[in-house]
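Under the numbering used here, the first residue of the sequence shown carries the number 867, and numbering increases by one thereafter.
Using N, Cα and C, we set each Cβ at its ideal position, and we do this for glycine too.
Just so it is clear, the structure is predicted and the values come from calculations on it, not from any experiment.
In what follows, a structure is listed as C-alpha coordinates, so that the remarks can point back to it.
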Amino acid sequence: MSTPTPAPSTTGFDPTKTPDPSQSITVNYLPMGISNILNDKTNNWIVADCEPSSSSNVTYTNTSGITEEYRARSLWIVGSGMSPNTTPVHNVQGATNVNGELVIMNVNSNGDKIMYLCYLLSLTSATLTPGSIDAILNGNGSTMMTVDLNSDISARGAPFYTAPTETVPHPPESDYIVYTSVSSTGQICTVIVYSQPLYITSVNIMALQNNLTPNNFALTAVPASNYAVIGPATMGEWMECDNVSVGAPEVASLNIPLASGIIQDASAFTSFRTIVLFIVFLFLCIFAYLIVPGTYLALVYRVLGRDYLDQETKLRRIFRMDAIISFVFISVSVILVCVGLFADVKNTGSILLSGFCIGMIYLIGYIIIQSKKVSGQKFIQGVNYDH
(Lines of atoms letter the chains of each structure in order from A and count residues from 1; the text may use other names and numbers.)
(Lines give C-alpha, C1' and ligand atoms only; values in the text may rest on other atoms or scores of the structure.)
Protein backbone atom coordinates (compact mmCIF):
# COMPACT_ATOMS: atom_id res chain seq x y z
CA MET A 1 0.00 0.00 0.00
CA SER A 2 1.71 3.20 -1.19
CA THR A 3 1.30 6.44 0.76
CA PRO A 4 2.36 10.05 0.11
CA THR A 5 4.88 12.07 2.05
CA PRO A 6 3.89 15.67 2.76
CA ALA A 7 6.41 18.06 1.23
CA PRO A 8 8.49 19.83 3.85
CA SER A 9 8.64 23.60 3.51
CA THR A 10 10.27 26.25 5.67
CA THR A 11 8.07 29.05 4.40
CA GLY A 12 5.00 27.03 3.52
CA PHE A 13 2.96 26.83 0.35
CA ASP A 14 1.49 30.18 -0.65
CA PRO A 15 -2.18 29.76 -1.67
CA THR A 16 -2.32 33.39 -2.86
CA LYS A 17 0.08 32.59 -5.69
CA THR A 18 -1.43 33.30 -9.11
CA PRO A 19 -3.44 30.23 -10.14
CA ASP A 20 -2.38 28.25 -13.18
CA PRO A 21 -5.29 28.60 -15.66
CA SER A 22 -4.18 25.54 -17.64
CA GLN A 23 -4.90 23.21 -14.71
CA SER A 24 -8.27 22.31 -13.20
CA ILE A 25 -9.73 19.78 -10.81
CA THR A 26 -13.18 18.34 -10.16
CA VAL A 27 -13.75 16.58 -6.85
CA ASN A 28 -16.63 14.14 -6.43
CA TYR A 29 -16.47 12.26 -3.14
CA LEU A 30 -20.18 11.53 -2.98
CA PRO A 31 -21.32 8.95 -0.39
CA MET A 32 -19.02 5.94 -0.68
CA GLY A 33 -18.23 2.93 1.43
CA ILE A 34 -14.96 2.48 3.26
CA SER A 35 -13.82 -0.83 4.74
CA ASN A 36 -10.97 -2.37 6.73
CA ILE A 37 -10.90 0.71 8.96
CA LEU A 38 -7.91 0.36 11.29
CA ASN A 39 -6.73 2.64 14.09
CA ASP A 40 -3.08 1.68 13.78
CA LYS A 41 -1.51 2.09 17.22
CA THR A 42 1.97 1.38 15.84
CA ASN A 43 1.99 4.11 13.20
CA ASN A 44 -0.45 6.29 15.13
CA TRP A 45 -2.75 6.87 12.16
CA ILE A 46 -6.12 5.68 10.89
CA VAL A 47 -6.15 3.83 7.58
CA ALA A 48 -9.03 2.45 5.49
CA ASP A 49 -9.80 1.06 2.03
CA CYS A 50 -12.25 2.88 -0.24
CA GLU A 51 -14.88 0.77 -1.97
CA PRO A 52 -14.86 1.02 -5.81
CA SER A 53 -16.96 3.90 -7.09
CA SER A 54 -19.21 3.71 -10.15
CA SER A 55 -17.96 7.13 -11.26
CA SER A 56 -14.73 9.07 -10.99
CA ASN A 57 -13.91 10.72 -7.68
CA VAL A 58 -11.36 13.17 -9.10
CA THR A 59 -11.01 14.60 -12.61
CA TYR A 60 -7.73 16.46 -13.12
CA THR A 61 -6.46 18.44 -16.12
CA ASN A 62 -2.69 18.98 -16.06
CA THR A 63 -0.50 21.67 -17.64
CA SER A 64 -0.43 19.74 -20.92
CA GLY A 65 -4.20 19.90 -21.21
CA ILE A 66 -4.58 16.15 -20.62
CA THR A 67 -7.60 15.22 -18.51
CA GLU A 68 -7.48 12.08 -16.40
CA GLU A 69 -9.98 10.54 -14.03
CA TYR A 70 -9.18 8.89 -10.71
CA ARG A 71 -11.05 6.74 -8.21
CA ALA A 72 -10.36 6.62 -4.49
CA ARG A 73 -8.43 3.51 -3.39
CA SER A 74 -7.33 4.17 0.23
CA LEU A 75 -7.31 6.92 2.81
CA TRP A 76 -5.35 7.88 5.91
CA ILE A 77 -6.00 10.31 8.75
CA VAL A 78 -2.81 11.47 10.42
CA GLY A 79 -2.15 13.94 13.23
CA SER A 80 0.36 16.72 13.82
CA GLY A 81 1.37 15.37 17.22
CA MET A 82 5.05 15.78 18.08
CA SER A 83 7.39 12.80 18.41
CA PRO A 84 10.89 11.94 17.18
CA ASN A 85 9.44 10.05 14.20
CA THR A 86 6.72 12.53 13.25
CA THR A 87 6.77 14.21 9.84
CA PRO A 88 5.14 17.67 9.66
CA VAL A 89 1.84 17.83 7.82
CA HIS A 90 1.61 20.12 4.80
CA ASN A 91 2.59 23.66 5.72
CA VAL A 92 0.24 26.11 4.00
CA GLN A 93 0.57 29.81 4.69
CA GLY A 94 -2.48 31.15 6.51
CA ALA A 95 -3.65 27.71 7.65
CA THR A 96 -3.61 27.97 11.44
CA ASN A 97 -4.46 25.54 14.23
CA VAL A 98 -3.81 22.51 12.02
CA ASN A 99 -4.18 19.31 14.06
CA GLY A 100 -3.99 16.67 11.34
CA GLU A 101 -4.53 15.75 7.72
CA LEU A 102 -6.80 13.55 5.62
CA VAL A 103 -4.88 11.86 2.78
CA ILE A 104 -6.81 10.07 0.02
CA MET A 105 -4.98 7.89 -2.50
CA ASN A 106 -6.63 7.91 -5.93
CA VAL A 107 -5.70 5.69 -8.90
CA ASN A 108 -6.48 6.22 -12.58
CA SER A 109 -8.44 3.69 -14.67
CA ASN A 110 -5.27 1.96 -15.91
CA GLY A 111 -3.82 1.69 -12.41
CA ASP A 112 -0.49 3.20 -13.48
CA LYS A 113 -0.90 6.71 -12.06
CA ILE A 114 -1.48 7.78 -8.46
CA MET A 115 -2.86 11.02 -7.08
CA TYR A 116 -2.93 11.96 -3.40
CA LEU A 117 -5.58 14.46 -2.37
CA CYS A 118 -4.82 16.01 1.03
CA TYR A 119 -7.04 18.00 3.40
CA LEU A 120 -5.70 19.72 6.51
CA LEU A 121 -7.84 19.26 9.63
CA SER A 122 -8.50 21.74 12.43
CA LEU A 123 -10.10 20.74 15.73
CA THR A 124 -12.81 23.10 16.98
CA SER A 125 -14.66 23.23 20.27
CA ALA A 126 -17.60 25.11 18.75
CA THR A 127 -21.02 23.46 18.43
CA LEU A 128 -20.91 21.58 15.15
CA THR A 129 -22.63 18.36 14.14
CA PRO A 130 -19.96 15.66 13.61
CA GLY A 131 -19.28 14.95 9.94
CA SER A 132 -17.91 11.99 8.02
CA ILE A 133 -14.30 12.67 9.02
CA ASP A 134 -15.38 12.76 12.66
CA ALA A 135 -17.20 9.44 12.16
CA ILE A 136 -13.97 7.84 10.90
CA LEU A 137 -12.01 9.30 13.81
CA ASN A 138 -14.55 8.16 16.40
CA GLY A 139 -14.76 4.70 14.85
CA ASN A 140 -16.64 2.99 17.67
CA GLY A 141 -15.10 -0.33 16.63
CA SER A 142 -16.73 -0.32 13.19
CA THR A 143 -14.60 -1.62 10.30
CA MET A 144 -17.06 -0.51 7.61
CA MET A 145 -19.13 2.64 7.07
CA THR A 146 -20.46 5.00 4.42
CA VAL A 147 -19.00 8.51 4.33
CA ASP A 148 -19.95 11.69 2.45
CA LEU A 149 -16.68 13.57 2.21
CA ASN A 150 -18.21 16.14 -0.16
CA SER A 151 -20.28 17.51 2.70
CA ASP A 152 -17.21 17.98 4.89
CA ILE A 153 -15.17 19.54 2.09
CA SER A 154 -17.86 21.97 0.93
CA ALA A 155 -19.29 23.00 4.30
CA ARG A 156 -16.41 22.98 6.80
CA GLY A 157 -13.75 25.23 5.32
CA ALA A 158 -12.11 26.92 8.32
CA PRO A 159 -11.44 30.40 6.88
CA PHE A 160 -15.13 30.96 6.11
CA TYR A 161 -16.23 30.69 9.76
CA THR A 162 -15.65 33.39 12.35
CA ALA A 163 -17.45 31.11 14.81
CA PRO A 164 -18.45 27.75 13.34
CA THR A 165 -22.17 27.13 13.62
CA GLU A 166 -24.72 25.06 11.80
CA THR A 167 -26.46 28.20 10.50
CA VAL A 168 -23.52 29.39 8.39
CA PRO A 169 -24.21 28.79 4.66
CA HIS A 170 -21.94 26.63 2.55
CA PRO A 171 -18.75 28.63 1.81
CA PRO A 172 -17.24 29.08 -1.65
CA GLU A 173 -14.47 26.72 -2.65
CA SER A 174 -10.81 27.37 -1.85
CA ASP A 175 -7.82 26.94 -4.12
CA TYR A 176 -5.76 23.75 -4.38
CA ILE A 177 -1.99 23.40 -4.34
CA VAL A 178 -0.45 20.82 -6.68
CA TYR A 179 3.05 19.43 -6.92
CA THR A 180 4.74 16.28 -8.21
CA SER A 181 6.58 13.68 -6.16
CA VAL A 182 8.77 10.91 -7.58
CA SER A 183 9.13 7.61 -5.73
CA SER A 184 12.40 5.71 -5.37
CA THR A 185 11.17 3.38 -8.13
CA GLY A 186 10.68 6.31 -10.50
CA GLN A 187 6.88 6.45 -10.34
CA ILE A 188 5.51 9.96 -10.63
CA CYS A 189 2.79 10.82 -8.10
CA THR A 190 0.61 13.92 -8.19
CA VAL A 191 -0.06 15.47 -4.78
CA ILE A 192 -2.87 18.03 -4.42
CA VAL A 193 -3.49 19.90 -1.16
CA TYR A 194 -6.64 21.84 -0.24
CA SER A 195 -5.41 25.28 0.78
CA GLN A 196 -7.62 25.70 3.86
CA PRO A 197 -8.23 23.39 6.84
CA LEU A 198 -11.53 21.61 7.43
CA TYR A 199 -13.17 21.81 10.84
CA ILE A 200 -13.60 18.60 12.84
CA THR A 201 -14.94 17.94 16.35
CA SER A 202 -13.33 14.62 17.31
CA VAL A 203 -10.57 14.98 19.91
CA ASN A 204 -9.21 11.60 18.78
CA ILE A 205 -7.16 13.54 16.21
CA MET A 206 -4.87 14.62 19.06
CA ALA A 207 -3.73 11.02 19.63
CA LEU A 208 -2.52 10.65 16.02
CA GLN A 209 0.81 11.44 14.43
CA ASN A 210 2.08 11.78 10.87
CA ASN A 211 4.49 8.92 10.32
CA LEU A 212 4.14 8.88 6.53
CA THR A 213 7.89 9.09 6.06
CA PRO A 214 9.96 8.58 2.90
CA ASN A 215 11.61 5.54 4.48
CA ASN A 216 8.24 3.84 4.94
CA PHE A 217 6.77 4.57 1.55
CA ALA A 218 9.69 5.35 -0.77
CA LEU A 219 8.51 8.85 -1.73
CA THR A 220 10.84 11.81 -2.00
CA ALA A 221 9.98 15.39 -1.09
CA VAL A 222 10.01 18.18 -3.67
CA PRO A 223 11.13 21.79 -3.23
CA ALA A 224 8.34 24.18 -2.33
CA SER A 225 9.14 26.30 -5.41
CA ASN A 226 7.96 23.50 -7.71
CA TYR A 227 4.28 23.79 -6.87
CA ALA A 228 1.36 25.47 -8.61
CA VAL A 229 -2.01 26.77 -7.46
CA ILE A 230 -5.26 25.58 -9.04
CA GLY A 231 -8.44 27.61 -8.83
CA PRO A 232 -11.45 26.35 -6.87
CA ALA A 233 -12.54 22.84 -7.76
CA THR A 234 -15.76 22.19 -9.66
CA MET A 235 -17.89 20.98 -6.79
CA GLY A 236 -20.75 23.45 -6.64
CA GLU A 237 -24.43 23.29 -5.89
CA TRP A 238 -25.10 20.35 -8.23
CA MET A 239 -23.55 18.05 -5.67
CA GLU A 240 -26.20 19.09 -3.18
CA CYS A 241 -29.05 17.87 -5.43
CA ASP A 242 -30.85 14.56 -5.31
CA ASN A 243 -30.14 12.01 -8.00
CA VAL A 244 -32.55 12.19 -10.93
CA SER A 245 -32.88 10.09 -14.05
CA VAL A 246 -31.43 11.66 -17.18
CA GLY A 247 -33.04 10.96 -20.51
CA ALA A 248 -31.60 10.89 -24.01
CA PRO A 249 -32.34 14.60 -24.77
CA GLU A 250 -30.44 15.72 -21.66
CA VAL A 251 -27.53 13.36 -22.35
CA ALA A 252 -27.27 14.60 -25.92
CA SER A 253 -26.87 18.17 -24.65
CA LEU A 254 -23.99 17.35 -22.30
CA ASN A 255 -20.50 18.17 -23.46
CA ILE A 256 -18.65 15.00 -22.40
CA PRO A 257 -15.30 14.15 -24.04
CA LEU A 258 -15.33 10.96 -26.06
CA ALA A 259 -12.27 9.71 -24.17
CA SER A 260 -13.96 10.29 -20.82
CA GLY A 261 -14.05 7.39 -18.40
CA ILE A 262 -17.78 8.06 -17.97
CA ILE A 263 -18.39 7.25 -21.64
CA GLN A 264 -16.08 4.24 -21.53
CA ASP A 265 -17.74 2.85 -18.40
CA ALA A 266 -21.22 3.38 -19.87
CA SER A 267 -20.27 1.61 -23.11
CA ALA A 268 -18.69 -1.31 -21.25
CA PHE A 269 -21.75 -1.65 -19.01
CA THR A 270 -24.13 -1.56 -21.98
CA SER A 271 -22.15 -4.23 -23.84
CA PHE A 272 -21.98 -6.43 -20.74
CA ARG A 273 -25.70 -6.08 -20.13
CA THR A 274 -26.46 -7.03 -23.76
CA ILE A 275 -24.32 -10.15 -23.50
CA VAL A 276 -25.95 -11.17 -20.20
CA LEU A 277 -29.45 -10.68 -21.59
CA PHE A 278 -28.60 -12.80 -24.65
CA ILE A 279 -27.22 -15.59 -22.46
CA VAL A 280 -30.33 -15.45 -20.25
CA PHE A 281 -32.60 -15.67 -23.32
CA LEU A 282 -30.58 -18.60 -24.66
CA PHE A 283 -30.95 -20.47 -21.37
CA LEU A 284 -34.67 -19.75 -21.33
CA CYS A 285 -35.03 -21.30 -24.79
CA ILE A 286 -33.04 -24.39 -23.81
CA PHE A 287 -34.98 -24.74 -20.56
CA ALA A 288 -38.30 -24.43 -22.35
CA TYR A 289 -37.41 -26.95 -25.06
CA LEU A 290 -36.19 -29.58 -22.57
CA ILE A 291 -38.59 -29.12 -19.66
CA VAL A 292 -41.85 -27.70 -20.98
CA PRO A 293 -42.97 -30.61 -23.25
CA GLY A 294 -42.47 -33.25 -20.54
CA THR A 295 -44.20 -31.14 -17.91
CA TYR A 296 -47.10 -30.44 -20.26
CA LEU A 297 -47.56 -34.14 -21.09
CA ALA A 298 -47.61 -35.03 -17.40
CA LEU A 299 -50.41 -32.53 -16.83
CA VAL A 300 -52.33 -33.75 -19.90
CA TYR A 301 -52.25 -37.41 -18.85
CA ARG A 302 -53.35 -36.44 -15.36
CA VAL A 303 -56.27 -34.43 -16.75
CA LEU A 304 -57.38 -37.16 -19.19
CA GLY A 305 -57.24 -39.82 -16.53
CA ARG A 306 -59.03 -42.58 -18.43
CA ASP A 307 -58.21 -44.17 -21.77
CA TYR A 308 -61.83 -44.89 -22.73
CA LEU A 309 -62.73 -41.22 -23.20
CA ASP A 310 -63.75 -40.33 -26.75
CA GLN A 311 -61.76 -37.87 -28.88
CA GLU A 312 -64.18 -34.95 -28.36
CA THR A 313 -64.00 -35.26 -24.56
CA LYS A 314 -60.21 -35.51 -24.60
CA LEU A 315 -59.82 -32.44 -26.80
CA ARG A 316 -62.30 -30.50 -24.67
CA ARG A 317 -60.41 -31.32 -21.45
CA ILE A 318 -57.07 -30.40 -23.03
CA PHE A 319 -58.53 -27.12 -24.28
CA ARG A 320 -59.78 -26.24 -20.78
CA MET A 321 -56.40 -27.10 -19.29
CA ASP A 322 -54.64 -24.93 -21.88
CA ALA A 323 -57.02 -22.05 -21.11
CA ILE A 324 -56.36 -22.29 -17.36
CA ILE A 325 -52.57 -22.44 -17.83
CA SER A 326 -52.64 -19.48 -20.24
CA PHE A 327 -54.84 -17.47 -17.89
CA VAL A 328 -52.53 -18.04 -14.91
CA PHE A 329 -49.29 -17.19 -16.74
CA ILE A 330 -50.70 -14.18 -18.60
CA SER A 331 -52.38 -12.79 -15.48
CA VAL A 332 -49.25 -13.08 -13.34
CA SER A 333 -47.11 -11.53 -16.09
CA VAL A 334 -49.49 -8.60 -16.67
CA ILE A 335 -49.88 -7.93 -12.93
CA LEU A 336 -46.12 -7.86 -12.34
CA VAL A 337 -45.52 -5.59 -15.34
CA CYS A 338 -48.25 -3.18 -14.18
CA VAL A 339 -46.87 -3.13 -10.64
CA GLY A 340 -43.36 -2.47 -11.95
CA LEU A 341 -44.55 0.35 -14.21
CA PHE A 342 -47.16 2.14 -12.14
CA ALA A 343 -46.99 1.09 -8.46
CA ASP A 344 -45.04 3.16 -5.91
CA VAL A 345 -43.05 0.28 -4.42
CA LYS A 346 -39.41 -0.63 -3.96
CA ASN A 347 -37.45 -2.76 -6.46
CA THR A 348 -39.78 -1.87 -9.33
CA GLY A 349 -37.05 -2.85 -11.80
CA SER A 350 -36.85 -6.40 -10.42
CA ILE A 351 -40.64 -6.74 -10.42
CA LEU A 352 -40.88 -5.52 -14.01
CA LEU A 353 -38.11 -7.88 -15.11
CA SER A 354 -39.86 -10.82 -13.39
CA GLY A 355 -43.08 -10.05 -15.27
CA PHE A 356 -41.30 -9.96 -18.61
CA CYS A 357 -39.44 -13.21 -17.86
CA ILE A 358 -42.64 -15.06 -16.93
CA GLY A 359 -44.33 -13.76 -20.07
CA MET A 360 -41.35 -14.81 -22.19
CA ILE A 361 -41.30 -18.32 -20.67
CA TYR A 362 -45.03 -18.70 -21.39
CA LEU A 363 -44.67 -17.48 -24.99
CA ILE A 364 -41.74 -19.80 -25.74
CA GLY A 365 -43.53 -22.76 -24.11
CA TYR A 366 -46.74 -22.03 -26.02
CA ILE A 367 -44.89 -21.97 -29.36
CA ILE A 368 -43.12 -25.25 -28.59
CA ILE A 369 -46.30 -27.08 -27.50
CA GLN A 370 -48.41 -25.85 -30.41
CA SER A 371 -45.71 -26.72 -32.94
CA LYS A 372 -45.50 -30.26 -31.56
CA LYS A 373 -49.30 -30.65 -31.68
CA VAL A 374 -49.54 -29.75 -35.37
CA SER A 375 -46.27 -31.39 -36.48
CA GLY A 376 -48.04 -34.57 -37.62
CA GLN A 377 -46.27 -36.69 -35.02
CA LYS A 378 -48.00 -38.37 -32.09
CA PHE A 379 -47.22 -35.83 -29.38
CA ILE A 380 -50.03 -36.88 -27.00
CA GLN A 381 -50.71 -40.61 -27.02
CA GLY A 382 -54.36 -41.41 -27.69
CA VAL A 383 -55.24 -37.93 -28.94
CA ASN A 384 -55.76 -37.30 -32.62
CA TYR A 385 -55.63 -33.60 -33.49
CA ASP A 386 -56.59 -34.33 -37.10
CA HIS A 387 -59.98 -35.29 -35.70
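- Here Cys-1055 is bridged, per DSSP, to Ile-980 and Ser-1047.
- 8 Å or more divides the Cβ of Ser-991 from the Cβ of Gly-966.
- With contacts defined by Cβ atoms closer than 8 Å, Pro-1063 and Val-964 form a contacting pair.
- Rounded to whole angstroms, Tyr-985 and Thr-1046 show a C-alpha spacing of 17 Å.
- Annotated three-state conformation of Leu-896 is coil, per DSSP.
- Checking the DSSP bridge columns, you'll see Val-924 partnered with Val-893 and Tyr-936.
- Distance from the CA atom of Asp-1014 to the CA atom of Val-1203, rounded to whole angstroms, is 36 Å.
- For Ile-1066, the enclosing beta strand (DSSP E) covers residues 1064 to 1066.
- A distance below 6 Å between beta-carbons, with the five flanking residues on each side excluded, links Ile-1224 to the following residues of its chain, in chain order: Val-1198 and Ser-1199.
- In the structure shown, Leu-1175 adopts coil according to DSSP, grouped into three states.
- Straight across, the Cα-Cα distance linking Ser-919 with Ile-1234 is about 45 Å.
- When only Cα atoms are considered, Thr-1067 and Thr-962 end up about 16 Å apart.
- In terms of Cβ geometry, Thr-1214 and Gly-1221 do not form a close pair [threshold 8 Å].
- For Leu-994, the three-state secondary structure derived from DSSP is coil.
- Note on geometry: alpha-carbon atoms of Asn-972 and Asn-923 lie some 8 Å from one another.
- DSSP places Thr-1009 outside any beta strand (DSSP E), giving it a letter other than H or E.
- When the Cα atoms are used, Tyr-895 and Gly-878 turn out to be separated by approximately 27 Å.
- Cβ-Cβ separation between Ile-1019 and Tyr-1093: approximately 20 Å, too far for a contact (criterion under 8 Å).
- In this structure Leu-1003 is buried. Its beta-carbon is surrounded by 16 or more other beta-carbon atoms within 10 angstroms.
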